[in-house]
Amino acid sequence: MSIGLQRGRVLLASYSTKWPKAYEQERLRLLNVAGDVITRIEHIGSTSVPGIQAKPIIDIGLEVDSLEALETLAKRLPPDVYQYFGERDISGDFFFTKGSQECRTHYIHVSLVESDRLERYLIFRNALRHDSLLARQYDQLKQRLVLEFPNDRKTYSKQKGEWIEEVIRTQRPR
Numbered sequence: 189m190s191i192g193l194q195r196g197r198v199l200l201a202s203y204s205t206k207w208p209k210a211y212e213q214e215r216l217r218l219l220n221v222a223g224d225v226i227t228r229i230e231h232i233g234s235t236s237v238p239g240i241q242a243k244p245i246i247d248i249g250l251e252v253d254s255l256e257a258l259e260t261l262a263k264r265l266p267p268d269v270y271q272y273f274g275e276r277d278i279s280g281d282f283f284f285t286k287g288s289q290e291c292r293t294h295y296i297h298v299s300l301v302e303s304d305r306l307e308r309y310l311i312f313r314n315a316l317r318h319d320s321l322l323a324r325q326y327d328q329l330k331q332r333l334v335l336e337f338p339n340d341r342k343t344y345s346k347q348k349g350e351w352i353e354e355v356i357r358t359q360r361p362r
């Protein structure tokens with residue numbers, strides 16, 4: 189399956205080795221355009237975890253060191269390719285998408301270095317990568333939710349979010 193998903197729709201695709209390659213291509217593109225303001229870039233989300241199903245949208249976590257760097261990034265990303273939505277419902281998570289209005293291919297989550305947003309994404313990603321039982325449980329949760337909410341991505345994401353927060357809470361270094 190190629191990457192991209194119609195807006196609002198919830199669909200899980202089997203893991204694809206194309207996903208890390210798509211991330212790497214986009215990482216290089218972003219670094220080429222704004223490498224001087226990006227302090228860190230990581231593949232996050234389910235497409236970054238081998239073996240589990242995912243919505244076929246590549247999630248990328250970026251860190252910048254200031255709001256000025258964020259503004260620079262937003263100005264350098266071509267508006268006909270990337271859409272900037274500002275700060276999301278999650279405090280400190282600034283959001284860009286790539287792809288057409290109808291079919292998004294990439295979600296780019298930008299946070300400031302001093303926030304813990306990217307670190308939280310990485311705690312969750314790494315927990316799934318290193319614990320096959322946890323990854324299987326998450327995969328099963330998503331399969332159940334996609335059956336319950338096939339056309340309601342907002343509710344699907346909210347339901348997953350509670351489980352994700354619990355994993356982060358238990359995995360976070362004390």
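Numbering follows the numbering used here, in which position 66 of the sequence shown is assigned residue number 254; successive positions increment by one, without gaps. Glycine is no exception: its CB is placed at the ideal position from the N, C-alpha and C atoms. These figures come from a predicted structure and were not determined experimentally.
- If one requires a minimum length of 3 residues, the beta strand (DSSP E) runs lying completely within the segment 200-287 are 226-232, 246-252, 270-275 and 282-287, in chain order.
- Nearest in C-alpha terms to Phe337, of all of Gly192, Ser190, Leu193 and Leu199, is Leu199.
- In the same chain as Ile356, and ignoring 5 residues on each side of it, the C-beta atoms closer than 7 Å to its own belong to Arg308, Ile311 and Phe312, in chain order.
- The C-beta distance from Leu300 to Val225 rounds to 12 Å, too long to meet the 8 Å contact threshold.
- In this structure, the straight-line span from the alpha carbon of Ser204 to that of Val334 is close to 19 Å.
- Between Ile245 and Leu329, the C-beta spacing is not below 8 Å.
- The beta carbons of Ile229 and Thr293 sit about 17 Å from each other, so the pair does not count as a contact at 8 Å.
- Between the C-alpha atoms of Arg264 and Tyr270 there is a straight-line separation of about 10 Å.
- Taking the CA atoms as reference points, Thr285 sits about 9 Å from Asp247.
- Only exposed fits Ser320, as fewer than 16 other CB atoms lie within 10 angstroms of its CB.
- Per DSSP, Ser320 is one residue of the alpha helix (DSSP H) stretching across Ser320 to Glu336.
- Under the three-state reduction of DSSP output, Val355 falls in the helix class.
- Assigned with DSSP and collapsed to three states, Arg313 falls in helix.
- Judged by their CB atoms, Leu316 and Ile240 are nearer to each other than the 8 Å cut-off.
- In this structure, DSSP gives Arg341 a helical state, which the three-state scheme calls helix.
- Beyond the five residues adjoining it in sequence on each side, Arg197 comes within less than 8 Å, by CB distance, of Pro338, Asn339 and Arg341 in the same chain, given in chain order.
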